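Q: The structure under discussion is supplied below as structure tokens; questions concerning it will follow.
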Amino acid sequence: MRWPSAPKSTYTIVVTNSSIVQSRVVRDAVTTDLAAIAEIYAHYVTGSVATFELEAPDAEEWQRRFTSVTTAGLPFLVAEHEGAVAGYAYCTPWKTRPAYRQTVEDSIYLAPWAHGRGIGGALLDELLARCAAADIREVIAVVADSGEEASLALHGKRGFTEAGRLRRVGHKHGKWLDTVLLQRSLGPL
Numbered sequence: 001m002r003w004p005s006a007p008k009s010t011y012t013i014v015v016t017n018s019s020i021v022q023s024r025v026v027r028d029a030v031t032t033d034l035a036a037i038a039e040i041y042a043h044y045v046t047g048s049v050a051t052f053e054l055e056a057p058d059a060e061e062w063q064r065r066f067t068s069v070t071t072a073g074l075p076f077l078v079a080e081h082e083g084a085v086a087g088y089a090y091c092t093p094w095k096t097r098p099a100y101r102q103t104v105e106d107s108i109y110l111a112p113w114a115h116g117r118g119i120g121g122a123l124l125d126e127l128l129a130r131c132a133a134a135d136i137r138e139v140i141a142v143v144a145d146s147g148e149e150a151s152l153a154l155h156g157k158r159g160f161t162e163a164g165r166l167r168r169v170g171h172k173h174g175k176w177l178d179t180v181l182l183q184r185s186l187g188p189l
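Residue numbers (UniProt numbering): 1 to 189.
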């Protein structure tokens, strides 16, 4: 299944704080971003429960994931902050059955140094805009309920609401983990 193409946009946000000017750019990811994306994600695989993967994907796997998302016509974005990849976000189909074709799951990860700078919000805002333009109706976020308060807050500020909880569905770092299912509608019911 291929989704309709969403308009591609790149935008720059300039934030001024006294005499400091910081520039953030959200744009389509390209293959040369994959090494930075892999490094960001590896941090969460090994040091947190933000993802339930136990081993960081290699370069070949990241290429496969990138190709799968982009050939399906779904957004795969990066945020740059002062010239460095600060984070990324993309959507994948929620389920493979055709009736789910307008529902996706989002993934968003930031470099550890990028938290608290508005980068996650900029990424998620653009991701949601791209999804809406591609006729996606529902976006699901699956968030670990232990230690991922920032992700819950980010999604909550963008209109996601809790749709349910799955108890003890993951086991990582020696403990059983629950997930929170968050959902946001992008179109009329």
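Glycine included, each C-beta is placed from N, C-alpha and C at the ideal position.
All values reported here derive from a predicted model rather than from experimental measurement.
Using a Cβ-Cβ cut-off of 7 angstroms (strictly less than) and excluding sequence neighbours within five positions of K172, which residues of its own chain qualify?
A: The answer, listed in chain order, is V49, F52, L54.
Q: Once DSSP output is grouped into helix, strand and coil, what is the label at D178?
A: In the structure shown, D178 sits in a strand (DSSP, three-state: E or B).
Q: When burial is assigned at 16 or more other CB atoms within 10 Å of the CB, is P112 buried or exposed?
A: Exposed: under 16 other Cβ atoms inside 10 Å.
Q: What is the DSSP secondary structure of L123, reduced to helix, strand or coil?
A: Looking at L123 - three-state DSSP - the assignment turns out to be helix.
Q: Where does the unbroken beta strand (DSSP E) through T92 begin, and where does it stop?
A: Counting along the chain, the beta strand (DSSP E) containing T92 begins and ends at 84-93.
Q: Evaluate T179 with the Cβ neighbour count: other Cβ atoms within 10 Å of its Cβ, from every protein chain shown; 16 or more gives buried, anything less gives exposed.
A: So T179 counts as buried.
Q: Judging by CA-CA distance, which residue of G164, A144, S151 is the nearest neighbour of K175?
A: For the residues G164, A144, S151, the minimum Cα distance to K175 belongs to A144.
Q: Taking only the alpha-carbon atoms, compute the straight-line gap between V21 and G116 and give it to the nearest angstrom.
A: Residue placement at V21 cannot be trusted, given a pLDDT of 41 that sits under 50; the coordinates are not used to answer.
Q: Straight-line CA distance for W62 to D28?
A: Using only the alpha carbons, I get a separation of about 15 angstroms.
Q: Examine chain B for any beta-carbon lying closer than 8 angstroms to the beta-carbon of A111, and answer yes or no.
A: Absent from the structure: chain B. Only one protein chain is present.
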